[in-house]
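All the letters of the sequence shown, read from the start, carry residue numbers 305 to 1033 under the working numbering. This report refers to the structure that appears directly beneath it.
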Amino acid sequence: MTTAALPIFPAAVAGAHTARPRWERPALAGLLIATAALLLWDLGASGYANSFYSAAVQAGSESWKAFFFGSSDAGNSITVDKPPAALWPMMLSVRLFGLGSWQILVPQALMGVATTGVLYASVRRQFGPGAALLSGAAFALTPVAALMFRFNNPDALLTLLLTVTVYCLLRALEGAQTRWLLWAGVAVGFAFLTKTLQAFVILPPLAVLYAVCAPTGLRRRLGQLLLAGGAMVVAGGWWVAVVELWPASSRPYIGGSQNNSFLELTLGYNGLGRINGNETGSVGGGGAGGPGGAGGGRWGESGIDRLFSGNIGGQISWLLPAALVLLVAGLVITWRARRATDSVDGMARAAFLAWGGSLLITAVVFSYMQGIFHEYYTVALAPFVAALIGMGVAVLWEERGSVAAAVTLSGTLALTAVWSCVLLGRATGYLPWLRWAVLVGGLLAAVALPFAGRAGRQVLRATAGLGAAAALAGPFAYCLTTVSTGHTGSIVTAGPAVAGGRGGPGGTMGGPGGSGGFGELRQGGQGGQGGPGGGPGGGRQPGGALPQGAVPPGQGQGGMPGADGSGAERAGGFPGGFPGGMTGGGPGGGAGGLLNGARVGAEAKAALTADADSYTWAAAAIGSQNAASYQLASGVPVMPIGGFNGSDPSPTLEQFKQYVRDGKIHWFIGQGGSGTATGADEDGGRRGGGGPGGPGGGTSSEIENWVKATYKESTVGGATFYDLTVPMS
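This is the structure:
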């Protein structure tokens, strides 16, 4: 391949900018505006989204100590189970503009726009504006991206930083520029402070690429990589050093760890445990296995087809088969280039290796990890897939005079149309006309594409347009369904409800106003995807429409935080019951709110806020989601006993007793109430009355049992409250 054969390449890659066509700036502006519109549309429908992180944002907006550590509450009892970088933009937004859904989620949406822009800038440098626009559109229309850049999990910032890392690495390859390699290291460091070891997954292929292909001597290449590694350690390690050196007695407990150590959290629960399934302190108390079939444990079967299966396929895999084909095609076409990247073809090949290597290694890790795996993790793949789509199509388009290139381009389009038809068919009753329109339109365009050029430029453009529309129509429909429905809880998915799959226990945890009933969940599917106003097992109608008789957000019991300020909706149950007595949440909250907290009424809110300034914590509740519900509804600190899973040994029974003696906690919110009645779960075990399993789960039970034996029980707004200032006589 030569520059003449591929004129969309810049004339001089290293350091120079080609003249921009007149249409480019308006097209880029349109892409970014459309991305922003998609991500900001009805953003407030998700309320506090994941109340676990929203409560930490609220705490950090009131306490700089909570800001720095990422504490779940302003009393700084325990942190979230991740480092705090993803929380910082949201905390600053809430500090500036007050607590609310938009204030929390707008920074996430802006990260999505920024990711689109960085992806565009990266692809354009080697492949021109047409390829860059296609990549940007493919990314913006990835359903899981439309979900996660409207949600408050750490994955939004992580995806942005991973995209920045690849961009900086490719800039560094243009002339072996040290400063750009250092910026790549800084991006990885901050990605580590966002989601720990997941930031390092793409490092092996990128480091090898630079070590082999940078246009300079071997000694300098290795020296530059060492400097970049140092920049990564500084950018990601300063916070870790402060936390580890800070006296444990004067900082919050490190949530998710069993020994109050961030390093333990990083290497265990958030590290190797995700790979081998031995996640001490997680749901089930660590250890792989359990339901889910061979090789997958309770989080679904692992295997090479995991990303294409069930509900996961509809999140990310629309263009994934095409991206893999185009990766191979791009490497074949550019393989004649020299090893170094001081040529046009060399940089093109390096781009395919960088984006393709990042895609492959991340996909393999996701496919075979035995620990906690959720469908929304796949958002990390979205920029890699999108980049390969734009680059691969551009290369094949310029080489379409070759029979092999023309057949490959047509075959890729046909494959995409067939796969989109399969994915659309998995959601029963979901836009059935679209499924066949995509299939027919895509196959027609694929057949006509090799011959369309002979009929003139207009016919060629029309054929290409039909092919692009067929390829993007399915994910676009899923995106519209996603943005038209609120998403709350800890486990969320894009698009309509889909049966089957391997994502592990959980789909979207209820829409506004209802609990996402898990009772009809198939493994990894969404089952009862509670739409607005739906009850347990209620689903939203195809296309994201509200079910008949639905209650709009914020206007019903259990609804989103809205006009009634009622806090988060209640959680659904876990298939087969949670280990250690985890049940569906209700007015009583307690451990039942593992995934989506409790409903908070006006009476409970009034009790919490009364004389709250006299206490460090207005209340304590088992599990972070329950505590978050009460904290967000009342605006006062609520201690989450045991952290997210209720399994962390924080506080110990003696520490809790001391807090009570010192008058630091007013209320204890028990696990009783109408939503958490003790009874037999689906496995025949008992539920209610006990803390979650795991090494630290006994601590939660000990505290609850001591409170029950020492203080009088009362019912406040349907929830079980214990006044810790008035012991039983």
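Quick reminder that beta carbons are idealized off the backbone N, C-alpha and C, glycines included.
List, from N- to C-terminal side, the alpha helix (DSSP H) runs of 4 residues or more that fit wholly inside the stretch 702-747.
707-730
Suppose you measure from the CA of Gln481 to the CA of Thr520; what does that come to, to the nearest Å?
Straight-line Cα distance between these residues: approximately 10 Å.
Spatial neighbours of Met395 within its chain, please: C-beta separation below 6 Å, excluding the five flanking residues on both sides.
Result list for Met395: Val361, Gly364, Ser365 and Phe371, in chain order.
Using three-state DSSP, classify Val668 as helix, strand or coil.
helix
Provide the residue(s) that pair with Phe972 in DSSP beta bridges, ordered along the chain.
Ala924 and Tyr1026
Extract the residue ranges of the alpha helix (DSSP H) inside the stretch 413-468, only unbroken runs of 4 or more that lie entirely within it.
447-452
Flag this pair as yes or no: are the beta carbons of Thr666 and Ala655 separated by less than 8 Å?
no
Quick one: measure Cβ to Cβ for Leu336 and Thr420, integer angstroms, because I've assumed they're closer than 8 Å.
Indeed they touch by this definition, with Cβ atoms about 6 Å apart.
In whole angstroms, give me the CA-to-CA distance for Ser367 and Val546.
18 Å
According to DSSP, Ile945 sits in a beta bridge with which residue or residues?
Ile926
Here's a check: name, in chain order, each residue in its chain whose Cβ is nearer than 8 Å to the Cβ of Leu465, leaving out the five neighbours to either side.
Ala491, Val492, Phe494, Ala495, Thr498 and Ala503
Can you tell me whether DSSP reads Val505 as helix, strand or coil?
coil
State yes or no: is the C-beta of Ser397 within less than 8 Å of the C-beta of Ser928?
no
Taking the DSSP output, what are the residues bridged to Val1020?
Ala1023
Give a yes or no on whether the C-beta atoms belonging to Leu728 and Ala749 are separated by under 8 Å.
no
Count the other C-beta atoms from every protein chain shown that fall within 10 angstroms of the C-beta of Lys386, then say buried if there are 16 or more, exposed otherwise.
buried
Please report how far the alpha carbon of Ser918 lies from the alpha carbon of Gly967, in whole angstroms.
If I take the Cα positions, the gap works out to 8 Å.
Does the beta-carbon of Trp542 have 16 or more other beta-carbons within 10 angstroms, so that it is buried, or is it exposed?
exposed
Could you give the first and the last residue of the continuous alpha helix (DSSP H) run that contains Thr797?
Neither: Thr797 is in no alpha helix (DSSP H) and is coded neither H nor E.
Rounded to whole angstroms, what is the Cα-Cα separation between Ala338 and Ala441?
9 Å
For a test of the three-state rule: what should DSSP assign to Ile382, helix, strand or coil?
Here Ile382 sits in strand by DSSP.
Are the Cβ atoms of Ser1004 and Ile945 separated by less than 8 Å?
yes
My output table needs one value for Tyr573: the three-state DSSP class, helix, strand or coil.
helix
Does DSSP classify Ser938 as helix, strand or coil?
helix
Alpha carbon to alpha carbon, how far is Tyr424 from Gly575? Give it in angstroms, no decimals.
32 Å
Where do the ends of the alpha helix (DSSP H) carrying Arg399 lie?
Per DSSP, Arg399 is one residue of the alpha helix (DSSP H) stretching across Leu391 to Phe401.
Look at the alpha carbon of Val537 and the alpha carbon of Val744, and state the distance between them as a whole number of angstroms.
The straight-line gap from Cα to Cα measures roughly 52 Å.
Below 8 Å CB to CB, which residues in the same chain sit around Gly374 once its five sequence neighbours on both sides are set aside?
Cβ within range, chain order: Ala360, Gly364, Thr383, Val384, Lys386, Pro387, Pro388 and Leu391.
Does the structure place the stretch 546-566 close enough to the stretch 507-516 that three or more beta carbon pairs sit under 8 Å?
no
Once DSSP output is grouped into helix, strand and coil, what is the label at Tyr471?
helix
Return yes when the Cβ of Gly757 is within less than 8 Å of the Cβ of Leu764, no when it is not.
yes
Name the DSSP bridge partner or partners of Ser951?
DSSP lists no bridge partner for Ser951.
Taking only three categories from DSSP, how would you classify Tyr782?
DSSP places Tyr782 in the helix class (H, G or I) of the three-state scheme.
In this structure, what does DSSP give as the bridge partners for Ser375?
Thr383
Give every residue of the same chain whose Cβ lies closer than 7 Å to the Cβ of Gln412, excluding the five residues on either side of it in the sequence, and list them in chain order.
Phe453, Arg454, Phe455, Asn456 and Ala460
Find the nearest neighbour of Ile579 within the set Asn564, Ala552, Gly607 and Gln562, judged by alpha-carbon distance.
Gly607
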